[in-house]
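Undergrad:
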Amino acid sequence: MGTFVLILLLLAATFGVLGAVLKIALVLVLSAVLAIVLLAWIGAWYVRSRIRNVERELYRRAEQERRWREAYDVSVARDEPAGPTGELGDGSP
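In terms of my numbering, the sequence shown is numbered consecutively and its last residue is 257.
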């Protein structure tokens, strides 16, 4: 493969178009590098975005579960009014 590229470069130099060939090759290589970098950047942004969404959802669910437990927890001491002081039917008010 390297020999083939070398022969093509020698032919381009022979016909006086080596500068144009090198410029075209440079544009192609830089375009490929830019595309790879751009795809990697977009991929990293997408992964970070998904991780933030998952963390947010986990936090929301944990908060919801905590509130649910507090709402239905009967072991928590509550300020409830005191019951009647006497026994039922003794006639005390």
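For each residue, glycine too, the CB sits at the ideal point set by N, CA and C.
#1: Taking the alpha helix (DSSP H) that Val191 falls in, what are its first and last residues?
#2: What are the boundary residues of the alpha helix (DSSP H) that Phe168 is part of?
#3: Taking Cβ positions only, does Val181 come closer than 7 angstroms to chain D?
TA: Walking through what the data contain:
#1: As a position in the sequence shown, residue 191 is number 27, starting the count at 1. Counting along the chain, the alpha helix (DSSP H) containing Val191 begins and ends at Leu182 to Tyr236.
#2: Walking along the sequence shown from the start, residue 168 turns up at place 4. Looking at the DSSP string, the run of the alpha helix (DSSP H) that includes Phe168 is Gly166 to Thr178.
#3: Although the question refers to chain D, the structure presented lacks it and comprises just one protein chain.
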